[in-house]
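The structure appears right after this line, and notes come after that.
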Amino acid sequence: PAEPPAKKPKKAPVYRMNINEAVDKEFEQCSFKELASAPTSALQGVATRGRDILKKFGVKTIRGLGRWKFYRMAKAIVGLSALEAKGGRAEDAALNINQALDKKHEGKELCDIAKLPPSALQGLAGWADEELGKLHVKTIADLGQWKFAQWAEWIADLAEFEDDLSA
1 PAEPPAKKPK KAPVYRMNIN EAVDKEFEQC SFKELASAPT SALQGVATRG
51 RDILKKFGVK TIRGLGRWKF YRMAKAIVGL SALEAKGGRA EDAALNINQA
101 LDKKHEGKEL CDIAKLPPSA LQGLAGWADE ELGKLHVKTI ADLGQWKFAQ
151 WAEWIADLAE FEDDLSA
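Position one of the sequence shown corresponds to residue 1 (full-length UniProt numbering), numbered consecutively onward.
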């Protein structure tokens, strides 16, 4: 009996993806996993000043920034505020984000909450507004749409789907 034809060896893919516009030059060769564990200053534009400010909030890595609970709260508030019907809450609705907000803001509409300073989020003290202001983050909306946090989130997300190519 004739042997079946040998399978052609699979050709290794040529990788072209990069995120060079988001990371500093010395991090351009890093994997997503390496980037996720890198300091926030590896993001192009954050620098040591931004890194030092973020450290005051316990945020040290790119993954930490992308998963930072205050960014996640703000991002959700901003995103869902666009879907809010002005004055449209049903009387018996149970919808709330009381564990995310200071008590005095709990009854407000999402679109109004988005305009508040970051310290309106439960767990961020008043000093946070001044520190985040140095990073051009003056409102909850600014925090939820902050490009560096978005980049960090995307890097951390894709790190979960990355193969190790070093072998």
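Glycine included, every Cβ here is placed at the ideal spot set by N, Cα and C.
Quick check: the Cα distance between residue i and residue j, rounded to an integer number of angstroms?
{"i": "LYS103", "j": "ALA114", "result": "15 Å"}
{"i": "ARG51", "j": "LEU65", "result": "10 Å"}
{"i": "ALA90", "j": "VAL23", "result": "46 Å"}
{"i": "GLU84", "j": "TYR15", "result": "42 Å"}
{"i": "residue 177", "j": "ASP163", "result": "The chain is shown from 1 up to 167; residue 177 falls before or after that span and cannot be answered."}
{"i": "GLU26", "j": "TRP68", "result": "25 Å"}
{"i": "ARG63", "j": "LYS8", "result": "40 Å"}
{"i": "ALA38", "j": "THR61", "result": "5 Å"}
{"i": "LEU95", "j": "ALA82", "result": "16 Å"}
{"i": "residue 168", "j": "LYS11", "result": "In the structure as shown, the chain starts at 1 and stops at 167, and residue 168 therefore has no counterpart that could be examined."}
{"i": "PHE148", "j": "CYS111", "result": "22 Å"}
{"i": "TRP151", "j": "LYS33", "result": "14 Å"}
{"i": "LEU158", "j": "THR40", "result": "17 Å"}
{"i": "GLY58", "j": "LEU124", "result": "12 Å"}
{"i": "GLY126", "j": "TRP154", "result": "29 Å"}
{"i": "LEU35", "j": "SER166", "result": "15 Å"}
{"i": "GLY133", "j": "SER31", "result": "31 Å"}
Using 8 Å for Cβ pairs, my map puts residue i next to residue j. What's the rounded Cβ distance?
{"i": "ALA141", "j": "VAL78", "result": "5 Å"}
{"i": "residue 189", "j": "PHE70", "result": "With the chain running from 1 to 167 in the structure shown, residue 189 is simply not present."}
{"i": "GLU93", "j": "HIS105", "result": "Position check: residue 93 holds Ala in this sequence, whereas Glu was assumed. 17 Å between Cβ atoms; not a contact."}
According to the neighbour-count rule (16 or more other Cβ atoms, all chains shown, within 10 Å of its Cβ), is residue i buried or exposed?
{"i": "residue 172", "result": "The shown model of the chain, from 1 to 167, leaves out residue 172, and the question about it has no answer."}
{"i": "THR48", "result": "exposed"}
{"i": "ASP6", "result": "With the sequence shown as reference, residue 6 is identified as Ala, and Asp is not the correct amino acid for it. Label assigned to ALA6: exposed."}
{"i": "ALA2", "result": "exposed"}
Would you say residue i and residue j are within 8 Å of each other, going by their C-beta atoms?
{"i": "ALA42", "j": "MET73", "result": "no"}
{"i": "LYS55", "j": "GLU131", "result": "no"}
{"i": "LEU135", "j": "ILE53", "result": "yes"}
{"i": "LYS75", "j": "GLY144", "result": "yes"}
In the segment 130-154, which residue ranges form an unbroken alpha helix (DSSP H) of at least 4 residues, counting only runs that do not cross its ends? Counting only runs of 4+ residues, the alpha helix (DSSP H) found wholly inside the segment 130-154 occupies 140-144, in chain order.
Any alpha helix (DSSP H) of 4 or more consecutive residues that is wholly inside the segment 56-102: Scanning the segment 56-102 from its first residue to its last, the whole alpha helix (DSSP H) runs of 4-plus residues come out as 62-66 and 69-81.
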